[in-house]
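Chemist:
2 protein chains.
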Amino acid sequence: MKEIETMSKAEWQVMRIIWTLGQATSKEVIDILERKTDWKSATIKTLIVRLQKKNFLKAEETKRPYVYKPLIDEDLAIHQSVNNLFDNLCCMRKGQAIKDLVQNSEISQSDISDIVGALNAKAQTAPEEVECNCLEANLS
Amino acid sequence: MKEIETMSKAEWQVMRIIWTLGQATSKEVIDILERKTDWKSATIKTLIVRLQKKNFLKAEETKRPYVYKPLIDEDLAIHQSVNNLFDNLCCMRKGQAIKDLVQNSEISQSDISDIVGALNAKAQTAPEEVECNCLEANLS
DNA sequence: ACATTTTGTTTACGGTTGTAAACTAAGAAT
DNA sequence: ATTCTTAGTTTACAACCGTAAACAAAATGT
Chain W
216 MKEIETMSKA EWQVMRIIWT LGQATSKEVI DILERKTDWK SATIKTLIVR
266 LQKKNFLKAE ETKRPYVYKP LIDEDLAIHQ SVNNLFDNLC CMRKGQAIKD
316 LVQNSEISQS DISDIVGALN AKAQTAPEEV ECNCLEANLS
Chain C
216 MKEIETMSKA EWQVMRIIWT LGQATSKEVI DILERKTDWK SATIKTLIVR
266 LQKKNFLKAE ETKRPYVYKP LIDEDLAIHQ SVNNLFDNLC CMRKGQAIKD
316 LVQNSEISQS DISDIVGALN AKAQTAPEEV ECNCLEANLS
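Dropping the structure here:
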């Protein structure tokens, strides 16, 4: 009884290639991943099949070789994954987790300005302290 | 051949309680999680056992009922999980992912300042653009 | 047309996770 | 001491995941 499909680590690698190329044949995906990883082509085929079953990819089957296209937007997928993970965290600690991410990620000047902008907006209504609700019955 | 143990979603819930309390008996954990979720006590016992096998928890077995204590620091666990997820992402998109997180998380005033501070430091050396390496053979 | 190569489909297998019952041992109550 | 209750251990089972071989169908080369 799973409500929302999630993407496994290996599946992410496949999707990234297809998102970046816009679309791709299995050969393209396999060539790239055989350079990035030590996966066998059979493994990569399995991942493509699973991504289709999960409705993250579709195959254009009008002619061979099939062309695979994403069915989910990359930014949406990122949004869902990241927020899904943050749901696990104590809300009191999310701020520091974000700071840690900032320090450990390469970020462009324009993204930095963007994030600062978002933070300034946030500061208008942000609380002095965020309460930990790890022991509360309450959802989230 | 798994190098680093990961914490599953359900296991996170257990750890959060024990981190917040500092230590806890199984009864305490079960009482709290039975209010937060619809898990049976048997399920929660299983999670506690698995967390011990993964070395995230240890039981103080000197007297009954056992007292369970965390073997991993909460901030370290968060750091590992979050960075592990971010490793899946196209590096070009991490900035926007962080912005999205900022917008969707409750963050305290002091954490906001902290993050802004980190961003300002980052801006000293940040590149104009971050290159996508989704198709590169290169690690990461 | 037939052999070979490429690409897609099916099957496989061990480990993890969500979910939990059953069993056992140790405390508590009478 | 015997029974009830609580807490810890063992077993279970289906879905998902990493990993891949085997098989089938289509395209390509000769």
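In order, the protein sequence lines correspond to chains W and C.
Under the working numbering, the letters of the first sequence match residues 216 to 355, in that order.
Under the working numbering, the letters of the second sequence match residues 216 to 355, in that order.
Here a beta-carbon is modelled for each residue, glycine too, at the ideal position from N, C-alpha and C.
Bear in mind the structure is a predicted one, so any value in this text is a computation, not a measurement.
Would you please state the rounded distance, in angstroms, between the beta carbons of C/SER241 and C/LYS260? I believe it to be under 8 Å.
Modeler: That belief holds up - the Cβ atoms of C/SER241 and C/LYS260 are roughly 7 Å apart, short of 8 Å.
Chemist: For the alpha helix (DSSP H) containing C/LEU334, list its first residue and its last residue.
Modeler: C/LEU334 -> alpha helix (DSSP H) spans 324-338.
Chemist: In or out: C/VAL264 buried (at least 16 other Cβ within 10 Å) or exposed?
Modeler: By the neighbour-count rule (16 or more Cβ atoms within 10 Å), C/VAL264 is not buried but exposed.
Chemist: Strictly under 8 Å for the Cβ-Cβ distance: is C/ASP290 near chain W by that measure?
Modeler: Yes, C/ASP290 counts as interfacial toward chain W.
Chemist: Thinking just about the alpha-carbon of each residue, which of W/LEU272, W/LYS278, W/ILE245 and W/ASP302 is nearest to the one in C/GLU321?
Modeler: When each option's Cα is compared against that of C/GLU321, the closest is W/ASP302.
Chemist: Give every residue of the same chain whose Cβ lies closer than 7 Å to the Cβ of C/CYS349, excluding the five residues on either side of it in the sequence, and list them in chain order.
Modeler: Answer for C/CYS349: CYS305, listed in chain order.
Chemist: Can you tell which of C/SER323, C/ALA333, C/GLU351 and C/LEU334 has the C-alpha that lies nearest to the C-alpha of W/CYS347?
Modeler: Out of C/SER323, C/ALA333, C/GLU351 and C/LEU334, C/SER323 has the C-alpha closest to the C-alpha of W/CYS347.
Chemist: Alpha carbons only, please: which of C/ARG231, C/SER325 and C/ARG308 is nearest the one belonging to C/PHE271?
Modeler: With distances taken between Cα atoms, C/PHE271 lies closest to C/ARG231.
Chemist: Any beta carbon of chain W sitting closer than 8 Å to that of C/ILE329?
Modeler: Ile is not the amino acid found at residue 329 of chain C; the sequence shown has Asp there. At least one chain W Cβ lies under 8 Å of C/ASP329.
Chemist: Along the chain, which unbroken stretches of the beta strand (DSSP E) at least 3 residues long are found entirely within the region 227-297 of chain C?
Modeler: The qualifying runs are 272-275 and 282-285.
Chemist: Chain W beta carbons: is any one of them nearer than 8 Å to that of C/THR240?
Modeler: No, C/THR240 does not count as interfacial toward chain W.
Chemist: If you follow the alpha helix (DSSP H) that W/ASN319 is part of, which residue opens it and which one closes it?
Modeler: Residues 309-319.
Chemist: With 8 Å as the threshold, decide whether the Cβ of C/GLY237 is near any Cβ in chain W.
Modeler: So no, C/GLY237 is outside the interface.
Chemist: Is C/CYS306 helix, strand or coil when you go by DSSP?
Modeler: DSSP places C/CYS306 in helix when its eight states are reduced to three.
Chemist: Return yes when the Cβ of C/LYS314 is within less than 8 Å of the Cβ of W/ASP326, no when it is not.
Modeler: A contact, by the Cβ cut-off of 8 Å.
Chemist: Would you grab the beta carbon distance between W/ALA352 and C/ARG250 for me? Rounded to a whole angstrom, and I think it's under 8 Å.
Modeler: With a Cβ gap of about 4 Å, W/ALA352 and C/ARG250 count as contacting.
Chemist: State the DSSP-derived secondary structure class of W/MET216, mapped to helix, strand or coil.
Modeler: Summary for W/MET216: the model assigns pLDDT 46, below 50, so the residue's position carries little reliability; its value from the coordinates is reported in the next sentence. Three-state result, W/MET216: coil.
Chemist: Should W/LEU291 go down as buried or exposed, given a rule of 16 or more other Cβ atoms within 10 Å for buried?
Modeler: Result: exposed.
Chemist: Taking C/SER256 as the query, report the chain W residues whose CB atoms sit under 9 Å from its CB, ordered along the chain.
Modeler: Per Cβ cutoff of 9 Å: no residues; C/SER256 is ~16 Å from chain W at best.
Chemist: Relative to the C-alpha of W/GLU289, which candidate in W/GLU243, W/ILE219, W/GLU343 and W/LEU236 has its C-alpha closest?
Modeler: Of W/GLU243, W/ILE219, W/GLU343 and W/LEU236, the residue nearest in Cα terms is W/LEU236.
Chemist: Looking at chain W, is there any beta carbon in it that lies within less than 8 Å of the beta carbon of C/ASP326?
Modeler: Judged by the 8 Å Cβ criterion, C/ASP326 is in contact with chain W.
Chemist: Chain W partners of C/LYS260, CB-CB under 9 Å?
Modeler: Correct list: empty, because the minimum Cβ distance to chain W is about 19 Å.
Chemist: Residues of chain W with CB under 7 Å from C/ARG265, in chain order?
Modeler: Those within 7 Å of C/ARG265 in chain W number zero; the least Cβ separation is about 16 Å.
Chemist: Could you tell me the distance, in whole angstroms, from the CA atom of W/LYS273 to the CA atom of W/LEU286?
Modeler: Each residue's alpha carbon lies about 6 Å from the other.
Chemist: I'd like to check one pair, C/TYR283 with C/ILE233: are the Cβ atoms closer than 8 Å?
Modeler: Yes, the Cβ-Cβ distance between C/ILE233 and C/TYR283 is below 8 Å.
Chemist: Under a Cβ-count criterion, where at least 16 other Cβ atoms within 10 Å of its own Cβ denotes burial, should W/LYS255 be classed as buried or exposed?
Modeler: So W/LYS255 counts as exposed.
Chemist: Are C/LEU262 and C/VAL297 touching if we call contact CB-CB under 8 Å?
Modeler: Result no, Cβ atoms of C/LEU262 and C/VAL297 do not sit closer than 8 Å.
Chemist: Report buried or exposed for C/ARG279, applying the criterion of at least 16 other Cβ atoms within 10 angstroms of its Cβ.
Modeler: The residue is exposed, with fewer than 16 neighbouring Cβ atoms inside 10 Å.
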